[in-house]
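1 is the number of the first residue of the sequence shown in UniProt numbering; add one for each residue after it.
Beta carbons: idealized from backbone N, C-alpha and C, even for Gly.
Bear in mind the structure is a predicted one, so any value in this text is a computation, not a measurement.
Worksheet: one structure, shown below.
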Amino acid sequence: PTVELRQRKKPKSSENKDSTKEEKINVTSIPERAPRSYHERKFWFSNRQELEREITFQGDSAIYYSYYKDMLKAPSFERGVYELTHNNKTISLKTINAVQQMSLYPELIASVLYQATGSNEIIEPVYFYIGIVFGLQGIYVTALFVTSWLMSGTWLAGMLTVAWFIINRVDTTRIEYSIPLRENWALPYFACQVAALTGYLKSNLNTYGERFCYLLMSASTYTFMMIWEYSHYLLFLQAISLFLLDSFSLEQSDKVHEVYKIYVFSLFLGYLLQFENSALLVSPLLSLVAALMFAKCLQLNVKKGTFVAKIMKVINFYLVCTLTVTLNIIMKMFVPYKENGHMLKFLEVKFGLNMTKNFTMNWLLCQESLQAPSQDFFLRLTQSSLLPFYILVLIICFFSMMQVIFRRFNGKSLKETLTLEDGRIGERPEIIFHVIHTILFGSLAMIMEGLKYLWTPYVCMLAAFGVCSPELWMTLFKWLRLRTIHPVLLALILSMAVPTIIGLSLWKEFFPRLMTELTELQEFYDPDTVELMTWIKRQAPVAAVFAGSPQLMGAIKLCTGWMVTSLPLYNDDDLLKRNENIYQIYSKRSAEDIYKILTSYKANYLIVEDAICNEVGTMRGCRVKDLLDVANGHVVCEEGDKLTYSKYGRFCHEVKINYSPYVNYFTRVYWNRSYFVYKINTVISFQS
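Given below as structure tokens:
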């Protein structure tokens, strides 16, 4: 179901209140403490009942919030955790450890805080939950501000980072569209970790500052790993960046290996507290760190710059790469681990290494977040002047870094203390780290658009640091051999003038737009889904099991608490297979086939969505029914394939006509403009 946002209508007069049957729900009064935030202006939560508020949580977000509700309803925290770790009330015929499988630690913490602080007497649960997530977004932006300030030495860079982040918020965060997403909880901690790591790598840091950065980095690394199941992959990329930094700048070798120890500690602690999560043991991060530590033990003290030292560098690099792959293979052989086979197959198809007709693989390939970024993405970044300045800063820092590598390779030592006149921004270890880091993240973002939310915030930070850094301009002037004006003076002037000009232009162009958006009063509007959920709560038996699209099932689980046959989760092979089987209701299969599929999952009710059945896709071949026809062989997709003729019409169309044999298996019990609900008959009559 897609939530519609429309311009807020004026309240009707008291004498016309009885004519509001179209809404099918009574409007509650506005609580005094309802927050007047951007979210409130967009959804008008304060003027909506709980059911309407919950429908705004879409897809997997609905699942996360539903477990937060379950924790608040539990008689005790211990009982609530037990029910989540032994959950058999969500998916039919399946018991899951929801805390481990869905990383529900944020919901556990939020429920504890809500009850321990006595907030239940002050604020409603949904506002408390939303408030925490938006508070974390404030920490996220603050961490980016601090990182840019640490790198440039001026708060002006931090202000510019925040301005670019807000202006490009469509590409920097998904908080506006889906609040409970794991990334909205996790990325603020990752930003704090990067800020602490940036400070830790600085050469001129005092002892107390170094200790503070180390402690903050340790805490944020572990928290990040606990909240998001994909966190260790991001830390793996970070470890690669640190490995390359260590190879290019030996002065920071001890600090880099201290960071490796933090990774190992976080991995093993996470393994123990995440119900012995074997995915962390077979993580490429653990294999890489173990290989790096082993290679460190074998390192010989060889005079720098000699031919032997260069050969040893190459051997060390080869040893680390080989050991990482070998250790990862060995760990997977001895550690019981359920491989995500669908993800490996997806990557094969994504990179053109394989072809498939599988519904799940092709459905994933059709998701916008898993496709290459659109031209609109780059156009938006260019219009805000972010992308041009990022490219300029990246080019200068990259070539300056390559100069440093070339000098190191020739045996030239680096200066212990850099001055502005030196114009060598690429010699700073934190700059080398961030250049490699942003290139790795950018490479991933060019493959999948969903990964832009990792890359774009750091684009804002790096671009702002560069234009505000006198060292960057001085490095450029050194290359240009500028002599007409004193380069140091010009670098200082540009480091203040350029960000000021950028800030004024952004203010002139984007500030009126932001003010217009903030003054626009919108409201939630999805009456069909509200009617459906109301009918389920009033008419369906408590023990009923519903079948339908995974996205709708997530909303039903949240809004009604009824059991469902599938969920919008894509990290479990069994759930993916369930989703594919349930989606057959939109294929050209017989009523008997669909009946057998649904009853195998103990479903009592079937919900057919008109939006999927009559879908008009914007992308060719990406409609659900098209993907099902390809998977079932009902259409020819390649030369040489045989067309399998189906003598049955599309089930979602045929079942609406109410003729035999469909009426023998399914009885329509409810419908509106968007949804058709059918009771799955337990006693089948074949009388016409």
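DSSP three-state assignment for residue i, whether helix, strand or coil
| i | result |
| --- | --- |
| L104 | coil |
| Y230 | coil |
| Q522 | strand |
| W175 | Checking the displayed sequence, the identity of residue 175 turns out to be Ile instead of Trp. I175: coil per DSSP, three-state reduction. |
| N88 | coil |
| R673 | coil |
| R79 | helix |
| R33 | Here R33 scores only 38 on pLDDT, less than 50, and its place in the model should not be relied on; the value that follows carries that caveat. Correct three-state label for R33: coil. |
| F190 | helix |
| T56 | coil |
| L575 | helix |
| K17 | Per-residue confidence for K17 stands at a pLDDT of 37, beneath the threshold of 50, marking its modelled position as unreliable; the derived number appears in the next sentence. K17 falls in the helix class under three-state DSSP. |
| V282 | coil |
| W455 | helix |
| F317 | helix |
| V683 | coil |
| S203 | coil |
| G209 | helix |
| I485 | coil |
| N658 | coil |
| L245 | helix |
| S587 | coil |
| F351 | coil |
| R48 | coil |
| Y570 | coil |
DSSP beta-bridge partners of residue i
| i | result |
| --- | --- |
| Y678 | L606 and R668 |
| M563 | V545 |
| I96 | N87 |
Extent of the continuous beta strand (DSSP E) to which residue i belongs
| i | result |
| --- | --- |
| V545 | V545 to A547 |
Beta carbon of residue i nearer than 9 Å to that of residue j
| i | j | result |
| --- | --- | --- |
| M217 | I431 | no |
| Y675 | A591 | no |
| V126 | A195 | no |
| L292 | Y260 | yes |
| L51 | M533 | yes |
| G426 | V459 | no |
| W164 | L386 | yes |
| V608 | K656 | yes |
| W562 | A540 | yes |
| Y233 | L285 | yes |
| L627 | G633 | no |
| A98 | N87 | yes |
| I132 | L160 | no |
| A239 | V314 | no |
| A157 | P499 | yes |
| A445 | P470 | no |
| D572 | R673 | no |
| Y583 | F359 | yes |
| S241 | F433 | yes |
| residue 703 | R428 | This structure cannot speak to residue 703, because the chain is shown only from 1 to 688. |
Start and end residues, alpha helix (DSSP H) containing residue i
| i | result |
| --- | --- |
| R407 | L386 to F409 |
| D528 | P527 to Q539 |
| E430 | P429 to A445 |
| T142 | P125 to S152 |
| S600 | A591 to S600 |
| N362 | F359 to C366 |
| L336 | First, the residue type needs correcting, since residue 336 is Pro and not Leu in the sequence shown. Where P336 is concerned, there is no enclosing alpha helix (DSSP H), given that its DSSP letter is neither H nor E. |
| M474 | P470 to L480 |
| K625 | V624 to A631 |
| M159 | W155 to I167 |
| S266 | S253 to L273 |
| D376 | Q375 to Q383 |
Distance between beta carbons of residue j and residue i, contact taken as under 8 Å
| i | j | result |
| --- | --- | --- |
| S92 | Y601 | 5 Å |
| P180 | Y64 | 4 Å |
| S61 | W228 | At roughly 15 Å, the Cβ-Cβ gap does not stay under 8 Å, so S61 and W228 are not in contact. |
| S278 | Y222 | S278 to Y222, Cβ: 18 Å. No contact. |
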